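For reference, the structure discussed in these notes is given below.
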Amino acid sequence: MMTEHEEQTTPLAGQRVLVVEDQYLIAEDLCTLVEQLGGTIMGPVSGVEAALDLLQAGQPDLVMLDVNLEGERVYKVCTALREAEIPFVFITGYDASVIHPHFRSVPHLEKPIEEAALRGALARL
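Per full-length UniProt numbering, the very first residue in the sequence shown carries number 1; after that it's consecutive.
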């Protein structure tokens, strides 16, 4: 059993986090941040089909995904996540207005991601 301090410092402890991001350096930064918060990384992957394949291979506890992957929107992945009841957070360089209205209630963070912002988004899930 984790102490309250451990829960605050490692909110992702024991959780498998799928990172879906097409920019390598940003994906690496996200993976490092997830690991610092106690999570285990699935991926990262850089495309919609690769994300869907990983979802079929093993269910993550949380998904962090960019809205736009090499010009393709990720809404097919988002629909699969909702159907599987897997929480997710958008990581994007855009503001919320570019997110499809059906998914605007999903927490989103603007790049570059800071630890405090990610912690806040996790608290809203």
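Yeah, the Cβ is synthetic: ideal placement off N, Cα and C, and Gly gets one too. As the structure is a computational prediction, the values presented were derived from the model and not from experiment.
Query                                                                                                                                                                               : Result
If you check the beta carbons only, do leucine 12 and glycine 38 fall under 9 Å apart?                                                                                              : yes
Quick check on the DSSP output: what are the complete beta strand (DSSP E) runs of length 3 or more inside the region 58-92, in order along the chain?                              : 62-66, 88-92
Could you give the DSSP three-state label for leucine 98: helix, strand or coil?                                                                                                    : Checking the displayed sequence, the identity of residue 98 turns out to be valine instead of leucine. Helix, per DSSP.
Answer yes or no: do glutamine 36 and aspartate 66 have a C-beta to C-beta separation smaller than 9 Å?                                                                             : no
Anyone know if the C-beta pair for valine 48 and valine 19 falls short of 9 Å?                                                                                                      : no
Please report the Cβ distance between leucine 30 and isoleucine 99, rounded to the nearest whole angstrom; I am assuming they are in contact, meaning their Cβ atoms lie under 8 Å. : Actually they do not touch by this definition, with Cβ atoms about 18 Å apart.
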